[in-house]
Structure formats: structure tokens, C-alpha cells
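Asks: The end of the sequence shown is residue 1046 by the working numbering, with every number in the run present.
A virtual CB, placed ideally from N, CA and C, is assigned to each residue, including glycine.
These numbers come from a predicted model, not from an experiment.
Here it is: the structure, laid out below.
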Amino acid sequence: MSTGSEEHLARVCLDADSCFFVFFSFFFNPFSTVNLLDSKASQGELGWISYPAHGWEEISGVDEHYTPIHTFQVCNIMEYNQNNWLRTSWIPRKSAQKIYVELKFTLRDCNSIPLVLGTCKETFNLHYLETDEDQGALFREHQFSKIDTIAADESFTQMDLGDRILKLNTEVREVGPITRKGFYLAFQDLGACVALVSVRVYFKKCPLMVRNLAIFPDTVPMDSQSLVEVQGSCVNNSKEEDPPKMYCSTEGEWLVPIGKCLCNTGYEERGYSCQACRPGFYKSSSGSMKCSKCPPNSHTYQEGSVRCTCDNNYFRSEGDPASMACTRPPSAPRNVISVINETSVILDWSWPSDTGGRKDVTFSVVCKRCGLGRPPCEPCRGSVRFLPRPTGLSNTTVTVTDLLAHTNYTFEIEALNGVSALAPSHRQFAAVTITTNQAAPSPVTVIRKDKTSRNSVSLSWLEPERPNGIILDYEVKYYEKQEQETSYTILRSKGTNVTLSGLKPDTSYLLQIRARTAAGYGTSSRKFEFETSPDSFSISSENSQVMLIAVCSAVGIIFLTVVVYILVSRFCGQSKSKHPGEKRLNFGNGHLRLPGVRTYVDPHTYEDPSQAVHEFARELDASGIAIDKVVGAGEFGEVCSGRLKLPSKKEICVAIKTLKVGYTEEQRRDFLSEASIMGQFDHPNIIRLEGVVTRSKPVMIVTEYMENGSLDSFLRKHDAQFTVIQLVGMLRGIASGMKYLSDMGYVHRDLAARNILVNSNLVCKVSDFGLSRVLEDDPEAAYTTRGGKIPIRWTAPEAIAYRKFTSASDVWSYGIVLWEVMSYGERPYWEMSNQDVIKAVDEGYRLPPPMDCPAALYQLMLDSWQKERNNRPKFTDIVSFLDKLIRNPGSLKVIANTASRPSNLLLERSGTSDVTTFRSMGGWLDSVRTLPCRDAFGGVGYSSCDTLPKTSAEEFKKVGVTIAGPQKIVSSIRTLEAHAKNGPVPV
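This is the structure:
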């Protein structure tokens, strides 16, 4: 059927009941021929008709392989006017439309025949006749149509006859289209000496073919068109992905395969068919992939499996893919630790030793209240709170609050994964039983108003029903009703009565009281409302002058007192007052109201640092704080994200720092000192403090939530995704925040991109205010802080050498931040050691400009890194400079050139002379000792300040000059121009 050097026998099935074997070539060259007549293959006489009878003669013989053959020959060359015909028997055309006739014959050279009497020919004619049926012996010459005149390529001579060497000719002629049921062939001799060795009549077809798992049937090419489109049928156990098609050419060759079939689930392609997966293997989706071995802990004993069955005690959840190993529920959590803090407990545990082979492990905590002497336990009441939640925990810790005092509780901690629900009998948990300690007092419920005047009121109250210990003092909080707690005053009293003075006449006030024991503050009482008496007296005309003098005197005394208070607060940093029974703190929006210019007050100067917390930070109710998830960990505890809901305000997202369990009082003071500092600031580019929680556990600092996190990691994540104007806008925000801090007299000392937070609007805010620093003797070390180590590469030289931290050292750090921003969060000085950085900076080397950094910004970096701190710009100057750049974006198009810089990573040796100190270009060039300047620059024509900036780095190289920091030189030259025109120019 098909030809080729190698063949393959395959069993192909169209459906479950129809299968057959077929040969396929390993090489894609599929075409075949179908014989309609082959004289050489006939065993008996052919029965062809010769006209006239003495013309063509049938002779039987053998070929070179001694196979019997029948040949026809004619050689009537000694007679004139020869017209000898030989007609074949009737040939049915079957499905052929175009037929091919192959003739093998010998022909004698006329020149080799002596004494020829007639006309000798060296050709003969081929004819055909179409009919619908066999016409028997009837022969009519005029009915035949000529196909062609056949000539020999090789003819034989008399010598060839003697040697019995016959030169065989082969000729093929195409006939068609054939439209009748059959046809005759006829051979006409006009006087040649010719012998027909074999006659073969055939047609071509595209044979049965399997391609891309689709069967294409035998197809006979059409004569009317060049290609025939044939639709294939998918083999058994397969389906169409794209409709399979191929094209049959007129030469009987398959061309241009399109589309394919894919084996069904449970079946794979083997050879030219889809065979079922063997036992132990599966295939879960249709496609060309092979069957896969069953994943761990599963099996299958059948053929054609779509998925494998889990072994005993192993499971697969609904969402698990078939390729995933079967798993089981995890074992119980280990090493459960409970830390009791009054009526709250922190539970911590280790991961189970066996997670069941899954990664989706979560934890669930069940609380049960157990009575003394009573074994049965009941579920905890609904008021018990879990932080962050009781179920779906991804971390191995949870805080449980609002428990009852002196009560036994049992907590069951269970590890769960995706198959725990499928195996309830296999679930395990770890249990821990605790007894709570002393609780905070219950709320004050009874408050009485004893005496009222126009400027004061006396109140008393009853001790709480459940003091839960010795009451140390009471906190009395009151404010004007119309201000709705935006400005309030707090008094602390040892007893159960207090007199509120300095009130406004005829004004309504709201008041709340809460008690404090060693366990902390209890819940505040309900809001109690009272009013002061109206102003009911008047000044008589006789005493009006005396009263006016008295009032004026009082006003003068108050004014002098305020002035003295301001001076004392400014230069001493603190105003202390002690009263044996109570302390008064005045707040506005939770902050201390100080008249005049706001100045930073160091909380460590307070005799009681905790007083600074309550003076500068708003106390929040822990019930209004919801912790969502843990986002990090600090030295003092965890950092979480959550939500804050204040009374009559919309819920907002916040960041929450918690103080870890087991803290010392010193750690608590250090933790809250950051809030004492942060609470004094109010600026859009300074992280905003929402408040603190100090009267319940855990102790918390609550700040605004910055969605994009720290600036350095944010820039690395979004490398090269911002415009220069966007980056300058970020830098302007940082500089504005630092200007605010500088104006308040606060030195940050740890300004770095990691301590800048970014919100969803790309607003940058300065953070990290609670660190103290100690310089170690080890030159490789960094400043040690309670929050971690501060790398030396951000610190100004004088701060490293002499611990001189000022706003000028913050400006140096700002220059490093500027470099970080323009390099999208690269590490300053890369992998250099701290000792190498200190040495290099001290010798005058500076960081090179980042890629595509505007020259103006790089010049600002270099100005910020002046060794003499008094020469560095102020933050006010930096903000003004950046504002000018934002208003004139074209000034950012000039890029700092790094092409001609040396390979050293650090540039700008400060030992070179400052160009601004010279009156001429030549004077400056004479001062530069690191370059063969004067002669070399003569080669590039430095006759004026205008020519040198226009000179390219390539021109410098031609004269043997290597320029370190060309942008700095160009900028200095331009400064020199201004210096020459306008007099001295400050750097």
C-alpha cells in the first residue's frame, strides 16, 4: 500500500466494535498506487486483440529472474504502409479519475537493419477509448483517441542481439479525466521494430492514515482541483480538540495536517491509538500527557483510572487536585505555654510534630469555664475576647481577655487542615488549665453632686461594688458637653470625693470616673452630667472703679504668670507641680495645650516618664481596637494591623505595636517613650499617633496605617516604575517632615529609607522616634539601639567620631535617603564593610550618582555630604529647592554623567580644591594636583568657563585626562561664572 524504508503495523479502532490493522510508515511520506492492469503479473494469456492478425504477436518468455512473462512484438519493416494495432482487454476504472500508463519496451535502431525495403520507424502511438461496458472483439480504429507518440530513449542494434543485451525503455503517460466505467488502451505500429515487455495501468490515491489520533480514509484525488480537504475521525477513547483535517494532493500525498484529537481521561496515547492507563496509574484530564503514577498514600487496581483512591486513614479534600498526595489531619499542638496577666492569658504553643502532609494548617482555640470541685465544664460566656480571633489562626499564639477573676478555665487548642472535617475521629487537641488572678475593679455606679457654685462643683461617689482589691486612686475625667470630648481635663483623687474648680458659669459638663487597683484601671462609669450655677451678681456703681482696678491687676498677674511659665517650659523643659491629693492635666485633642511656639519636650526629663505618656498621648479604650493580623515583630513585641473605632467617629485602619508579656517596668517606659515623642508632632509628613493603651493588657501604641510599608522595600518592589517628578514629590514630603522636626528642635538621628513609611497615595511620612544610641568601641560595629543596629553608612562623620547629633547630621542622612530613593532602594556603599565606609568617607569619597539621576538632585546629595556641617543646607533650603524643581520639571532633564568616572564606587575626593575660592579658571586648574591639568587642558581649549563644560569625556581622554565627577566640576565651573560676575557665591 504505502512505500518507505521502514513500516509499522498498528491496530486502530474507530469505536468499540470496529478495529483493524494497518501499515504506517515511520516517515511521513504517505502516498500509494492502485494497479488496474499489470501485464507482467498475469499468469495466463492476456487475450489482447491484434489487428490485422499478422501484426502484433504475443510471445511467452521469462524475465531476468526467470519469471514467466507475456510480451507483444512487431517488426514488419520489410513491407510498406504498416498499420498494426494491439488493443488491451476492457479495463474497469474503479474510482479513478486520472490514470497513468507505464510502458516498458525495446526498440531496434533502423540504421542497424540492412536492406530495409519499407519505411522504418523508431516510434509507436498510444491510444485509448472510454466505454461503459466491454465491447468484446469489436474494434473500430476511428473510435480511439491518441494519447501520445512513444519514442525510445535507448534503441538496440544487431550487435546487441548477438550479445543478448536489450536496452529497456520505460515511459509513463497520464490519461484523464476518465468519466466512463472503463476504457481500452491501443498501441499503433506504423513500421517499427518494437517489443512491449510490460504494460501497467494504475491510479494514485491518498491511503488510509492516522495522524494526531485521527483516522483519514483512502481518498482518490480529484482532477478538477489541486487539493481535496478530508475530515478525520478520532480514534476510539479520544475526542476532538480542534476538528482534524488533511488535504489529499493530485499526486496521492497527504498534506497540511490541521487540528487534532486528544485521549480521554484515563487513557494515554500509545502509538496511533489511545490505550487505558495501567493499574497503579491514572490520568485525570484529557490531553496529550501520559498516565501518571498514583501519588503517595493512594492506589488504583483498575485500568483506565481517572484518579487514585486514598489509602486507609488518608484523605483528599474537595479542592485538592488528583495529583496531590492523600493527607491526614495533623497531630495535636505541642508545648502549650500559658502566661496569665490578671484576667487575661496569652497562650503560646509549638507546631504539631505531624502536619498530616499539608501546608494549610490553622489553629482553633476553645474556651471552657470549669467550677471548683465540679468536673463538668461549660463554654465561656460571650464577653470573653480572643485577639486576634479564636479560629483560623495561622500563628501559634492568641490572647484571651475579659475573663473572670479567680476562675478556672480550660483551653483546648486544636490543629486543623484541609482534611480535618473528613476525619472527625482522627482529630486531636492539646489542653491547658489556668486560674485567673486579681481583676480590675468594677465601674463606679453611684455619683452624687454635693455642692455647686458658678465656678466649681463638689462631687462624691460610692466605692465600686466589686473593688477586687485595694483601690489606689480614682481618675475623674470631665469636659464641656458641647465640646464632645475634644478637649478634656483629668483629675486623680485618693478618696471618693473631689471638687472641680475653674469651671464656666451656667455651663453643662459631662463626667466619668474609674477606679484603679494594683490590677490596673477598671471600666469607666456611665457619663454623669452636671451644671454650674449662673452668674447672678453685678458690680455697683460705687465700687465699680475699685472692682475694675482689681480685675485689671488680676489680669496683669495672670499674664506675667503665663510669660514666666513659657520661659521656664522653654529653657528648663519641664514644669513640675505636686499636690498631695490630686494632679491636674489639661488636654486639647489629647495633647498638652501650651501657648506660643511649640517646642519638643524630651520625655526622659520628666521625674515620672509615664506622666509624659498621659500628657502627650491620648488614652484609648481597648474595646475599640480590633487586631486583624500580625505583620511583623519588633524588640518589644509584635506589630499588627487592625481597626480603631472611636465614639461618634468612623472606623479607621491602624497599625498596632504591642508590648510583649513578661516586660519589666524599664521596658514599659522605653516602649511608651516613642508615643511620648510622637504625640508631640502634628504634621502631614510625620507618622500620626492615634493613641496608647496603658490601662489594660496588652500595652499598645496605635498609629495610622501606612498601606505600602517602608520606603526602601516599596521602591525595590516597584523598581523603575515611577517618574522623576513622583520621586521628587516623595523626597519633598520627607524634607518637609524633617523641616518640621528641626523647627521643633528635635533631632531624629536615624533617618533612613527603612524608617520612612508610604501610604496608598505615595505620601511619605517620617517614623521611628523611640530609639537611644550608644557608640561602641568596635570600628566594625554600628550604633546599638533598643530597636536594632543603625548602619554607620547613614551617619554623618562628626556623629560617628564625636557623637554630635544635630539637624545638620540629619541633613547628611537625608542625602543618603535621597540616594536610596533615586537608586530604587539600593544599599548605600553596597557590600563595603562599616570600617571601609568610615575610612572612605573621612578621606572625602562620596557615593556616585544613581543611574539616570538628574544632575540637580546629585548636586543636592553632594551638598548634604559636606564634611563641614555648617556648609550643609538646612531643611528649609532643601524644601525650597525641591519646590523649585517641581515647578520647573525641565531642570530635571539634565542627567548626572557617570561615563567618565573611575571604576571606584566612591567619588568626589574632598582634598581637591573648591573651585569657588578661585577667581579664574587657570587658578583653579593650577590648584588641582591630581591631574596634569594646565598642559592637558590646553589641549582641549579651556580658555574660558564656557568651553570646559562643553568638553566631552572622550576629548578629555584623548589628552590623557581622567575626570572624576564631571557633573560636580561643571557645576563648580558654573558657580565660578556666577562668582566672577556677581561677587562671592555661597556654596
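Curious, which full-length beta strand (DSSP E) runs of at least 3 residues does the region 397 to 465 contain?
Replies: As far as the region 397 to 465 is concerned, its whole beta strand (DSSP E) runs of at least 3 residues are 403 to 409, 421 to 429, 436 to 438, 444 to 446 and 456 to 460.
Asks: What residues in its chain sit with their C-beta under 7 Å from that of Leu748, if we drop five residues either side in the sequence?
Replies: So the list reads Ala676, Ala734, Met737, Gly738 and Thr762, once near-sequence residues are dropped.
Asks: With 16 as the cutoff for other CB atoms within 10 Å, does Ile686 come out buried or exposed?
Replies: The residue in question, Ile686, is buried, as its Cβ has 16 or more Cβ neighbours within 10 Å.
Asks: Spell out the partners DSSP gives Trp313 in its beta bridges.
Replies: Answer is Cys307, bridged to Trp313.
Asks: Which partner residues of His129 appear in the DSSP bridge assignment?
Replies: Paired residues: Ser119.
Asks: For Phe695, does the three-state DSSP call read helix, strand or coil?
Replies: Three-state DSSP puts Phe695 in coil, outside helix and strand.
Asks: In the structure shown, what three-state DSSP assignment does Arg585 receive?
Replies: Of the three classes helix, strand and coil, the one that applies to Arg585 here is coil, per DSSP.
Asks: Using only CA atoms, which one of Gln925, Gly120 and Met759 lies nearest to Leu703?
Replies: Nearest C-alpha to Leu703: Met759.
Asks: Ends of the beta strand (DSSP E) at Ala480?
Replies: Where Ala480 is concerned, there is no enclosing beta strand (DSSP E), given that its DSSP letter is neither H nor E.
Asks: Ser868: which of Tyr805, Glu534 and Val420 sits nearest, CA to CA?
Replies: Here the closest residue by C-alpha is Tyr805.
Asks: Compare the C-alpha of Asp407 against each of Ile784, Phe203, Lys719 and Ser939 and name the closest.
Replies: Selected option, being the one with the closest Cα: Lys719.
Asks: Rounded to whole angstroms, what's the CA-CA distance from Ser700 to Ser707? Just pull it up for me.
Replies: Rounded to the nearest angstrom, the two C-alpha atoms are 22 Å apart.
Asks: Beta-carbon within less than 6 Å of Leu481's beta-carbon, same chain only, minus the 5 sequence neighbours each way: which residues are those?
Replies: These residues qualify, in order along the chain: Phe374.
Asks: Grouping DSSP H, G and I as helix and E and B as strand, with all else coil, what is Tyr799?
Replies: Tyr799: helix per DSSP, three-state reduction.
Asks: Is it true that the region 258 to 267 meets the region 179 to 196, where meeting means three or more beta-carbon pairs spaced less than 8 Å apart?
Replies: Touching, no.
Asks: What whole-angstrom Cβ distance do Ile851 and Val896 have, given they're in contact under 8 Å?
Replies: About 6 Å; that satisfies the 8 Å criterion.
Asks: Going by beta carbon distance, what residues of the same chain come within less than 8 Å of Thr494, once the five residues before and after it are set aside?
Replies: Result list for Thr494: Ile399, His465, Thr466, Asn467 and Tyr468, in chain order.
Asks: Val880 lies in the alpha helix (DSSP H); which residues open and close that run?
Replies: It spans Ser866 to Met881 - the alpha helix (DSSP H) in which Val880 sits, taken as one unbroken run.
Asks: Can you give me the C-alpha to C-alpha distance between Asn140 and Thr178, rounded to a whole angstrom?
Replies: In a straight line, the C-alpha of Asn140 is about 8 Å away from that of Thr178.
Asks: Who pairs with Gln571 in a beta bridge, going by DSSP?
Replies: According to DSSP, which records beta bridges pairwise, Gln571 is partnered with Lys536.
Asks: Report the three-state DSSP secondary structure of Lys898 (helix, strand or coil).
Replies: DSSP places Lys898 in helix when its eight states are reduced to three.
Asks: So, helix, strand or coil for Ser736, using DSSP?
Replies: Here the sequence assigns Ile to residue 736, which means Ser is not the residue at that position. Helix at Ile736.
Asks: Helix, strand or coil, according to DSSP, for Pro948 in the structure here?
Replies: The answer is helix: DSSP assigns Pro948 an H, G or I state.
Asks: Among Leu462, Val459, Pro338 and Lys418, which one has its Cα closest to the Cα of Ser453?
Replies: Of the candidates Leu462, Val459, Pro338 and Lys418, the one whose C-alpha sits nearest the C-alpha of Ser453 is Lys418.
Asks: Just curious, the alpha helix (DSSP H) that Ala914 is in, first and last residue?
Replies: Run containing Ala914: Ala914 to Ser923, per the alpha helix (DSSP H) assignment.
Asks: Decide if Met789 is buried, meaning its Cβ has at least 16 other Cβ atoms within 10 Å, or exposed.
Replies: Buried, since its Cβ has 16 or more Cβ neighbours within 10 Å.
Asks: Give me, in chain order, the residues of the same chain whose beta-carbon lies closer than 6 Å to that of Asp509; leave out the 5 immediate sequence neighbours on both sides.
Replies: So the list reads Ser517 and Ser519, once near-sequence residues are dropped.
Asks: Decide if the region 760 to 780 is in contact with the region 817 to 827; the criterion is three or more beta carbon pairs, one per stretch, under 8 Å apart.
Replies: Taking 8 Å as the limit for Cβ pairs, the verdict is that the region 817 to 827 does touch the region 760 to 780.
Asks: Do the region 413 to 429 and the region 378 to 398 meet, that is, are 3 or more Cβ pairs less than 8 Å apart?
Replies: Yes: at least three Cβ pairs fall under 8 Å.
Asks: Just the C-alpha distance for Met137 and Phe262, rounded to the nearest angstrom, thanks.
Replies: If you take the alpha carbons of Met137 and Phe262, they lie about 39 Å apart.
Asks: Quick one: any contact between the region 576 to 587 and the region 553 to 561, if contact means 3 or more CB pairs under 8 Å?
Replies: No, they do not touch.
Asks: List the endpoints of the continuous beta strand (DSSP E) containing Ala100.
Replies: Counting along the chain, Ala100 falls outside any beta strand (DSSP E), and DSSP gives it neither H nor E.
Asks: Beta-carbon separation of Thr165 and Tyr243 under 7 Å?
Replies: No; because the gap between Cβ atoms is not below 7 Å, this pair is not in contact.
Asks: Contact defined as beta carbons within less than 8 Å: I believe Ala574 pairs with Val503. What is the distance between those atoms, to the nearest angstrom?
Replies: Rounded, the Cβ-Cβ distance is 6 Å, consistent with contact.
Asks: Could you compute how far the alpha carbon of Ala915 sits from the alpha carbon of Asn744?
Replies: Looking at the two C-alpha atoms, the distance is approximately 23 Å.
Asks: Rounded to the nearest angstrom, what separates Leu951 and Ser923 at their Cα positions?
Replies: For Leu951 and Ser923, the distance between alpha carbons rounds to 18 Å.
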